[in-house]
Ligand SMILES: Nc1ncnc2c1ncn2[C@@H]1O[C@H](COP(=O)(O)OP(=O)(O)O)[C@@H](O)[C@H]1O
Ligand SMILES: [Mg+2]
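Numbering (the numbering used here), first residue to last: 1 to 366.
1) Can residue 17 be considered in contact with ligand 2, in the sense that its beta carbon sits closer than 7 Å to one or more heavy atoms?
2) Does the beta-carbon distance from residue 194 to residue 173 come in below 8 Å?
3) Can you tell me the Cα-Cα spacing of residue 276 and residue 89, whole angstroms?
4) Report the rounded CA-to-CA distance for residue 322 versus residue 158, giving the unit in angstroms.
5) Report the option in 292, 301, 366 whose CA atom is closest to the CA atom of residue 152.
6) Compute the minimum distance between the beta carbon of residue 208 and the heavy atoms of ligand 1, and state whether it is under 7 Å.
7) Keeping to the same chain, check which residues put their C-beta closer than 6 Å to that of residue 70; ignore five residues upstream and five downstream.
8) Pull up the CB-CB distance for residue 77 and residue 330, whole angstroms please, since I reckon it's below 8 Å.
9) What runs of the alpha helix (DSSP H), each 4 residues or longer, lie entirely inside the stretch 236 to 283?
10) Inspect the CB distances between the stretch 326 to 345 and the stretch 358 to 365 and report whether three or more fall short of 8 Å.
11) Would you kindly work out how many angstroms separate the C-alpha atoms of residue 5 and residue 30, rounded to a whole number?
12) Measure the C-alpha to C-alpha separation of residue 147 and residue 345 and round it to an integer number of angstroms.
13) Quick one: Cα of residue 265 to Cα of residue 220, how far?
14) Specify the secondary structure class of residue 366 as computed by DSSP and reduced to three states.
15) Have a look at 366, 341, 351 and flag the residue whose alpha-carbon is nearest the alpha-carbon of residue 7.
16) In three-state terms, what does DSSP make of residue 204?
17) Buried or exposed, going by whether 16 or more other CB atoms sit within 10 Å of the CB of residue 320?
18) Under the assumption that residue 178 contacts residue 155 (Cβ atoms under 8 Å), give the Cβ distance between them as a whole number of angstroms.
19) With hydrogens ignored, establish whether the beta-carbon of residue 186 is closer than 7 Å to any heavy atom of ligand 1.
20) Please name the residue, chosen from 86, 227, 72, 280, that lies closest to residue 253 on a Cα-to-Cα basis.
21) Leaving aside the five residues before and after residue 1 along the sequence, list all residues of the same chain whose C-beta is less than 8 Å from its C-beta, in chain order.
22) Quick check: the stretch 53 to 67 against the stretch 37 to 45, are at least 3 beta-carbon pairs closer than 8 Å?
23) Between 48, 101, 25, 183, which lies nearest to residue 207 when the distance is taken from Cα to Cα?
24) Output the boundary residues of the alpha helix (DSSP H) element that contains residue 301.
25) Go through its chain and collect everything with a Cβ distance to residue 374's Cβ below 8 Å, but skip five positions before and after it.
26) Give me the DSSP bridge partner(s) of residue 161.
27) Shorter than 7 Å, the distance from the beta carbon of residue 243 to the closest heavy atom of ligand 2, or not?
28) Relative to the C-alpha of residue 326, which residue among 209, 298, 164 is closest?
29) Taking DSSP as the reference, what is the three-state secondary structure of residue 191?
Below you can see the structure in the form of structure tokens.
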């Protein structure tokens, strides 16, 4: 049982891969954060399809948006309820749920910059009876920031090291790095699985390329790789963030030659993903001695192998440092709920570019 000054929080995250709902139960005791339990729940396929379409702006439709907001809120609420019960927890033992929701649009630039996460937190609070914190990104955006990434403060809490210069890499749909230095820095490097997944789904009928095995049957097409690497986003100076509205199959098709074999394209996408990450680290975190990888992409063995070859640093996984690599992002939103309830600022201005530190997230009473 947790001690008196410790608190349990549940984090809920559906990332840009839209592969599932990650739940992470964490205990915060002072500056120590422990992972108690983690589980990923697949999304109902109709909901997943809608979320993917909304994320890519396919036939934008307000009714579809409103319904998906409700449906995802219901799914998170019901799933969280079941998970809390399965842990044998009474509601009183849980201080809050931090729910990120699903990003369906992220336009961080311009006077009317906006970011939109759905998954109605009112429903989560209603269905669980637990205080719910959500809408974490928009306050940072209102303060002139990118609204992303928000996990760096948590990455620093978990993996900072007194002597070793470290960078945390999360390979989700999009890849982002946190440079654990003072001041903290972090940004989206470019794609994670956002190109490999849909290409694999289209040609192999599988949602992702297990271990990178299919990519391993192909060869890198140098001309395509060069064309992908010329994408201006890669050279844009941080703070910066991106999403599926940029890196998707349409973006790829503008750069494809029809004669290419599907497995060669997959192998080239994998190389592009590894190279763009290594490029970002060497450009903006050149002192890095160790890269700690989390997110589903760490399970792509070929991707990790290519990263080890291309990066000028030791590469290992969060799991090798005692944290389940699937729990970090959801754990971050549990931790952000903790920060919110303590009125502690949690965005990192040096990361997001916001004008200052802000208390982020909105509270929905149980
Ligand atoms: N065994 C595996 N082999 C290769 N890729 C994997 C494996 N397991 C997960 N992935 C990749 O990780 C993605 C999910 O990662 P996740 O961290 O949940 O991303 P997001 O935060 O975008 O949801 C999957 O869509 C898939 O591309
Ligand atoms: Mg995911």
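From the three backbone atoms N, C-alpha and C, an ideal C-beta is built for every residue, glycine too.
Looking at the atomic coordinates:
1) Between ligand 2 and the CB of residue 17, the shortest heavy atom gap is smaller than 7 Å.
2) Yes.
3) If you draw a straight line from the Cα of residue 276 to the Cα of residue 89, it is about 43 Å long.
4) Our two residues, residue 322 and residue 158, have alpha carbons roughly 10 Å apart in a direct line.
5) Looking at the Cα atoms, 292 is the closest of the given residues.
6) Yes, Cβ of residue 208 sits closer than 7 Å to a heavy atom of ligand 1.
7) Counting only Cβ-Cβ distances below 6 Å, and skipping sequence neighbours, we find 120.
8) That pair is no contact at about 15 Å.
9) You should have 249 to 253.
10) With a cut-off of 8 Å, the stretch 358 to 365 and the stretch 326 to 345 count as touching, because enough Cβ pairs lie within range.
11) So the two alpha carbons sit approximately 8 Å from each other.
12) Just so you know, the alpha carbons of residue 147 and residue 345 end up roughly 14 Å apart.
13) Computed Cα separation, rounded: 7 Å.
14) Residue 366 falls in the coil class under three-state DSSP.
15) Distances from the alpha-carbon of residue 7 to those of 366, 341, 351 put 341 closest.
16) The three-state secondary structure of residue 204, taken from DSSP, is helix.
17) Of the residues assessed, residue 320 falls on the exposed side of the cut-off, its CB having fewer than 16 other CB atoms within 10 angstroms.
18) With 8 Å as the limit, residue 178 and residue 155 qualify as a contact, their Cβ atoms being about 4 Å apart.
19) No.
20) Looking only at 86, 227, 72, 280, the smallest Cα-Cα distance to residue 253 is reached by 227.
21) For residue 1, the predicted model reports a pLDDT of 44, less than 50, meaning its position is unreliable; a value from the coordinates is still stated below. Nothing meets the Cβ criterion.
22) With a cut-off of 8 Å, the stretch 53 to 67 and the stretch 37 to 45 do not count as touching, because too few Cβ pairs lie within range.
23) Of the residues 48, 101, 25, 183, the one whose Cα lies closest to the Cα of residue 207 is 48.
24) Counting along the chain, the alpha helix (DSSP H) containing residue 301 begins and ends at 301 to 310.
25) Since the first residue of the chain shown is 1 and the last is 366, residue 374 is not available in this structure.
26) Beta-bridge pairing links residue 161 to no other residue.
27) With a cut-off of 7 Å, the C-beta of residue 243 is classified as distant from ligand 2, since no heavy atom of the ligand falls inside that distance.
28) Nearest of 209, 298, 164 to residue 326, Cα basis: 298.
29) In the structure shown, residue 191 sits in a strand (DSSP, three-state: E or B).
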